[in-house]
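Data block below; observations after.
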Amino acid sequence: MANDPEEKQPPAPPPGEKPVAPAPPAAGAPPAAAPPKPAAPAPPKEAPPKPEPLDNELVKHYNSRFGEAICEAWLDRKQAILVVDAARLREIAEYSCDEEKFDLLTDLTVVDWPKREKRFDIILNLYSFPKNERLRLKVWAGENEPVPSVSGIWGTANWLEREAYDMFGIAFTGHPNLKRILLPDEWQGHPLRKDYDILTQDTAWVRENLGIESGQ
Amino acid sequence: MIDKVLFYFFAGLAVVSAILVVTRRNAVHSAIFLITALLATAGIFLQLRAEFLFIVQIILYVGGIMVLFIFVIMLVNLDVALHQVQFNRQTWVAGILALALGAQVALAFRLVQKNPQGSEILRLPRGSAAQLAPNTELVGRTLFQNYMLPFEIASILLLVAMIGAVVMAKRKV
Amino acid sequence: MPSPYIPIFIFAVLAAAFPAVTLILFKLIRPDMRAVGAKLKPYECGVPPEGGARGRYSVRFYIVAILFVIFDVETIFLFPWAVQYSVLGLYGLVTMFVFLGILVIGYVWLYNKGALEWV
Amino acid sequence: MAEIPTANFPNVETTVLGADEIILNMGPQHPATHGVLRVKLKLDGEKVVGSECIIGYLHRGVEKIAEHRSYQQFAPYVDRMDYVAAVSNGLGYCEAVEKLMGVEAPPRARVIRTILTELQRIASHLLWLGTHALDIGALTPLFYCLREREEILKIFEKYCGARLTTHAFRIGGLQYEAYDELEKDVERFCKDFEQKVNEYEQLLTENRIWVGRTKGIGVISAQDAIDMGATGPIIRASGVKWDIRKAFPYAAYDQYQWEVPTGKNGDTFDRYLVRMEEMRQSRRICLQAIENIPTGPIMARIGKVLKPPPGEVYHSIEAPKGELGYYIVSDGTTQPYRVRIRPPSFINLEAFDKMVRGHLVADVVAIIGTLDIVLGEVDR
Amino acid sequence: MDALVNFFRPHLLPLVYAVVIVALLPLLAGYIVLLERKIMADMQVRLGPMRVGPHGLLQPIADAVKLLIKEDIIPEGADVLIFWLAPLLSVTAAMLAMAALPFGPAFQIADLNIGLLFILGISSMGIFGIVLGGWASNSHYSLLGALRSAAQLVSYETAAGMAVVSGLLLAGTLSTRRIVELQAQQGVWYAFLAPVGFFVYLVASIAETNRAPFDLPEAESELVAGYMTEYSGFRWALYFLAEYTNMVVVGAIAATLFLGGWLRPFSGTRALDFLDYAPSLLMFLLGGYCFYRVPKQPVRVQGGVLAAVGLLCLALAGVLGAVLIPPLADTKAAVHGGFWFLLKVFLYIYVFMWLRFTFPRYRFDQLMRLGWHFLIPVAIVNVMGIGVALVLHWQWHWGLAPALVVTTVATLLVAAFLARVGERRQKPLVGET
Amino acid sequence: MIPTSHYLFLSLALFIIGVIGVLTRRNVIIILMSIELILNAVNINLVAFSRHLGQVDGQIFAIFVITDAAAEAAVGLGIIIAFFRNRETVLADEMDILKW
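Residue numbers (our numbering), protein chains in the order written: chain S, 1 to 216; chain A, 217 to 389; chain G, 390 to 508; chain U, 509 to 888; chain F, 889 to 1321; chain V, 1322 to 1421.
Right, dumping it as structure tokens:
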């Protein structure tokens, strides 16, 4: 059964099955994608790409639908990034999943910029099977600002949001079971924040529960 | 001589285990002592030249029914049951009744043995052990020739028991 | 006691005594270490057990045991029958047919009711 | 996993006396949980009505470590995540950093990378097959699989001196030139391997017990698999023909002809078949690749000190377990500002609860096995 | 004193046998374990134990010493008395079953009127060791393993009992010695007369000894070690001893009832009498191989041990050969009987091992289904089939062979039907897509 | 040669112990076990007479008694299970309703 190419497959398969035999690199660009849609592997040797503003069909869709809520859109290393308003994340996510067919939430993660006013970037990496393209949604959130959970839209988000909570302390509202996932429940602090390091980590827990001195 | 030793050994084992069966708090312990009592009884059967019955006792009673008992004890969470009162208030009544019963039967024995007229009851003609000789064969022949009907009825009993027990135990049948 | 059983009885005593004696003997020989702490905890994959272990288990076990007892009785009746079969002949065959037939009815009933299914 | 909605599982008949169910705890010290996974099972008799995975026993803070190492220094750490597929981890990281810097490895390096990565895929699948079969009770395949895997590890050892955590690739290309007999070794391995795979299939595929233990177990539909973010063989076994090697070709995959195997039912048996076929396809890729390894340099021109321009990049590869993604944010210094690793095992494991409900305890081990998780990667 | 001597005199020989069995059985079990590991290693392209003694020949002894002096742990909350008693019960039951086994025409503790039933009944008592041990340990895994184990044992005991009955119908006696003698008289092993019965017994006996593919109770990937989880050291070894003893017992039952006991293959055929040389030759070759390997041992001592083993083999070859000389011909049956019997038992166990290393493990419900839906009905039908065949033979004077062929084919048809029905009934557990 | 009356006394003893068990224990399972003891006592009696008379019939009766005991245990324990499922108890004096 396995490798029959004529197998039926619910969601359309990705295109791009051209056995070209290019000696030089750069052959990778997926063909079918929309004009400015690269999301492809390494670009040819050139100056490191600068973030450039993005204004394609997709962004227009989003803009027309959500207007103000789409704060910014740019392309970094040919990868599309869309910054959206935290308050309307849920709505936008639902739209992305249902209308724009970004049906796979590849990843959800956070970057901490402690010096910024809103210190966290929450990053949702989306992938669309029908279009074979990726999209990165970004949300800015402050220290104690709640972010709506998207776990109702993509099942994957459940654990990923728990991990984000565990590592950064971001409270996702509407998450069914928001508790630590990798660290023990009683652990103090959120390790991947920039202001957390080995000197400030929770040595008390280790001493108490494991009976050893931790760290340095 | 050896016969006597074995008889008293088995009989003592049976009685002591039986007493422990009814006095242990823990049902699993009771079951273990019941197994011992049954094994001792099997020994008695062997002494009485009932070889086949000896093994039936072991296979059916010990290996079958007692397994069932132990399963049920493990099913009905007995850790809770252990903390409950194990004996009811009828203890004295039971003791007296049992003693009366025992005394009555013992008295009957004594009377029968003392009284020459009544002694006929126990002086049944004594058969020889050799008559029980190839035990399995004899049991087989008698069972299937003389007791054919009870044997068939036993299968109906088993059928009913099987259905009844499964209906009882299974929630949705 | 029939005479062949006497060596068996002695063998039983030996067979029971051998492991017990070895067990006690080596308890005396080996260095006496009293296990403490986590070693004594029942194995629960490295975490404290939740709830008593002697909890309740599936009633299926019980159903299997019941059926076993019933079939065991049946098997026991088969043994003397098999031993005497050359004497009983056709008569024995018919008798056993009836006996097993009645039980097979029960078996078929159980089969159809799914009582023999484990899950 | 607070309450277990049994109502969704009409087949779950309550067979235990009374209302209370047993909580059975499997792991972290359990022979079948593949490392230190801990699974709490809510049992009704022997039937699973709910589960909760407790992970983190192997958490080392790899992502935090990355923030305090230079780009090159961090490269060996990624080998320790999925330690049975270290080469793939390294490939993903190197390519991600290359993309971040806007450089590209030379063609020769890319082909050699492809060969080694595909060998690693075979090795990883072999280990999966052996342990999966062992979980289901077949003792012997494990030893056969390890025998074959040994050959691959020997090739790795000859190439870079390490067998397990190889650190085979460098950012920008390769450190080591391919040794003289690499092609011959790979070819010899591939020649034998075809017959070996058939041998495993002979042992298992037609085996009634094996089929009985895996067919219809841990079914996950394509829709559910996408929803749970499952990738790799799991999603393919559910019928989604999706492979990053085809969707966003990297390394030298676009030069070779091969198929993406898919399954239909998304059960454990299909995942088994898909992985078996993947091994064959990997072998096919290797054979094509060794035929024509381009000559030329093996290292791109990059400085000794890497300072990628500020910005971010997401790059993912098809690791043996699924999509292995690296999301790297640079602030223009020599150390990454943030490295996020998208671990396939972690996200595939999330689908465990969905797969396991309504099955028996015995199926739990089959399902853990079929997920092919490596705790080093789940916990990072 | 005199009374005692007089009392024991008639039982002297059986008592010696009893002592020999009790003393040798642990050793035998240990070497079966070694053999199993070697066979497993061979099937899995590796060497197996090689360190302790030449080719690992002293491994069982090292293991035994290690287990004997290992720390003895009784877990918290365990029922100490029962925890103590359970393994003893298991091993005693298994050993006691050996009492009625005819290892040879002479070597038997007691030839009972109920011999076969005695073995079946006594060995079925081992179930208490398992259940009580699992219960006493106060651990989930132990209890679940114990209950499973017990359920499995009882499920297959019925099938095994019925399979034995099918052999008994042909023999008409429960005495183990008579059964073998009858096979000698009729000149055919009952495995050929009742093949279905033999097959059912084979499967049921694998399940009863908890061997793969039915090793659910101790399926280490699910229940860790089943009822033995909390046991360590010598108590654990006792359970193991019980398991291997049980393997010997079921092998011996199969050998006695279906495989002609101590009889040589083709014992009735004069033309094949040269087979009598086989035992001696086999031991001779074995001894020769040992000596061939002696110089290749890396350590002197190992060479010595191997040479000793070789000498033992040669001595056995001598004994097995000597009885062929006319003056000693009286003892031939006894000596060769033992050899053939043990060989058959070993081959039976070898089949167990072979299956173990080839097959994955059944799931518990599949195991139960196989037992209750297939083996038991097939066994019942088989018993009736053989009954019918015998009546045809006696009453209507059919030849025994055609009658048995007809009923066996009928039984197989029923079995095929049952398999079909069972497959159709098999429902998926959760909704399949 | 042990006199038959010895066996009868043994039987009596077991019988009385069984009766006491039935009357005093609260745990139904143990009550059932006591009933097994009583049946056992009966069996000893039957077999003793079989030996005394040199006739095998007593043993046949005993086999039927054991068959009966098996059936009784199966059904009795089935009832206990069904009862326990509804009332969470195995105590005899709490079994005071006729229907649930």
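Note that beta-carbon positions come from the ideal geometry of N, C-alpha and C, so glycine has one too.
{"query": "For Ile-198 of chain S, the nearest candidate out of U:Val-869, U:Glu-575 and U:Ala-540 (CA to CA)", "result": "U:Glu-575"}
{"query": "Neighbourhood of Ile-623 of chain U by C-beta, 7 Å cutoff - its chain only, sequence neighbours within 5 removed", "result": "Val-694, Cys-794, Ala-797 and Ile-798"}
{"query": "Buried/exposed call for Gly-1192 of chain F, threshold 16 Cβ in 10 Å", "result": "exposed"}
{"query": "Buried versus exposed call for Ala-613 of chain U [16 or more other C-beta atoms within 10 Å across all chains shown]", "result": "buried"}
{"query": "Continuous alpha helix (DSSP H) stretch holding His-867 of chain U: start and end", "result": "That residue, His-867 of chain U, is in no alpha helix (DSSP H); it is neither H nor E in DSSP."}
{"query": "First through last residue of the beta strand (DSSP E) which encompasses Ser-838 of chain U", "result": "830-838"}
{"query": "For His-945 of chain U: DSSP bridge partner residues", "result": "Nothing about residue 945 of chain U can be read from this structure; chain U reaches only from 509 to 888."}
{"query": "For Tyr-1078 of chain F and Ala-1334 of chain V, the rounded distance between their alpha carbons", "result": "48 Å"}
{"query": "Continuous beta strand (DSSP E) stretch holding Trp-74 of chain S: start and end", "result": "70-76"}
{"query": "At least 3 beta-carbon pairs within less than 8 Å: the stretch 762-780 of chain U vs the stretch 652-664 of chain U", "result": "no"}
{"query": "For Gln-580 of chain U, the three-state DSSP class (helix, strand or coil)", "result": "helix"}
{"query": "Neighbour flag for Phe-1122 of chain F against chain G, beta carbons, 8 Å", "result": "yes"}
{"query": "Listed by chain order, chain U residues near Asn-132 of chain S by CB distance under 7 Å", "result": "Ala-755"}
{"query": "CB of Pro-844 of chain U within 8 Å of CB of Phe-582 of chain U, strictly", "result": "yes"}
{"query": "Residue ranges of each alpha helix (DSSP H) within the stretch 954-1041 of chain F, 4 or longer", "result": "968-984, 1003-1012 and 1014-1024"}
{"query": "Uninterrupted alpha helix (DSSP H) stretches inside the stretch 622-653 of chain U (no shorter than 4 residues)", "result": "none"}
{"query": "Closest Cα partner of Ala-733 of chain U within the set U:Met-589, U:Ile-752, U:Gly-774 and U:Tyr-758", "result": "U:Gly-774"}
{"query": "Continuous alpha helix (DSSP H) assignments of at least 4 residues falling wholly in the stretch 1067-1116 of chain F", "result": "1078-1081, 1083-1096 and 1108-1111"}
{"query": "Any chain V beta carbon closer than 8 Å to Val-458 of chain G", "result": "yes"}
{"query": "Local Cβ density within 10 Å of Lys-118 of chain S, reported as buried at 16 or more and exposed below that", "result": "exposed"}
{"query": "For Ala-759 of chain U, the nearest candidate out of U:Ile-876, U:Pro-649, U:Gly-669 and U:Gly-681 (CA to CA)", "result": "U:Gly-681"}
{"query": "Residue(s) in a DSSP beta bridge with Gln-731 of chain U", "result": "Note: Gln-731 of chain U sits in no beta bridge, so no partner."}
{"query": "Per-residue burial, Ala-1205 of chain F [other beta carbons within 10 Å of its own, 16 or more giving buried]", "result": "buried"}
{"query": "Closest Cα partner of Ile-281 of chain A within the set V:Gly-1342, V:Leu-1344, V:Met-1354 and V:Leu-1329", "result": "V:Met-1354"}
{"query": "Host beta strand (DSSP E) of Asp-121 of chain S (start-end)", "result": "120-128"}
{"query": "Cutoff 8 Å: Tyr-451 of chain G Cβ touching any chain A Cβ", "result": "yes"}
{"query": "Start and end residues, beta strand (DSSP E) containing Gln-79 of chain S", "result": "79-84"}
{"query": "Glu-785 of chain U - DSSP class collapsed to helix/strand/coil", "result": "helix"}
{"query": "CA-to-CA distance, Pro-130 of chain S to Leu-104 of chain S, given in whole angstroms", "result": "11 Å"}
{"query": "With 16 other Cβ atoms within 10 Å as the buried cut-off, status of Arg-1346 of chain V", "result": "buried"}
{"query": "At least three beta-carbon pairs within less than 8 Å, the stretch 820-829 of chain U to the stretch 724-732 of chain U", "result": "no"}
{"query": "Under 9 Å from the C-beta of Ile-212 of chain S: neighbouring residues of chain U", "result": "The contacting residues do not exist; Ile-212 of chain S stays about 15 Å from chain U at best."}
{"query": "Interface positions of the stretch 996-1028 of chain F facing chain A (Cβ-Cβ less than 8 Å), listed along the chain", "result": "Leu-1000, Asn-1001, Ile-1002, Leu-1005, Phe-1006, Leu-1008, Gly-1009, Ile-1010, Ser-1012, Met-1013, Ile-1015, Phe-1016, Val-1019, Leu-1020 and Trp-1023"}
{"query": "Residues in the stretch 458-482 of chain G having any Cβ partner in chain F nearer than 7 Å", "result": "Phe-460, Asp-461, Thr-464, Leu-467, Phe-468, Ala-471, Val-472, Tyr-474, Ser-475, Gly-478, Leu-479 and Leu-482"}
{"query": "Chain-ordered neighbours of Ile-111 of chain S on chain U, where CB pairs are closer than 7 Å", "result": "The sequence shown places Val at residue 111 of chain S, not Ile. Chain U residues near Val-111 of chain S: Val-837 and Arg-846."}
{"query": "Rounded C-alpha distance that separates Pro-38 of chain S from Lys-78 of chain S", "result": "Confidence in Pro-38 of chain S is poor, its pLDDT being 38 and thus under 50, which makes the residue's placement unreliable; the coordinate value appears in the next sentence. Rounded to whole angstroms, Pro-38 of chain S to Lys-78 of chain S spans 6 Å at the Cα level."}
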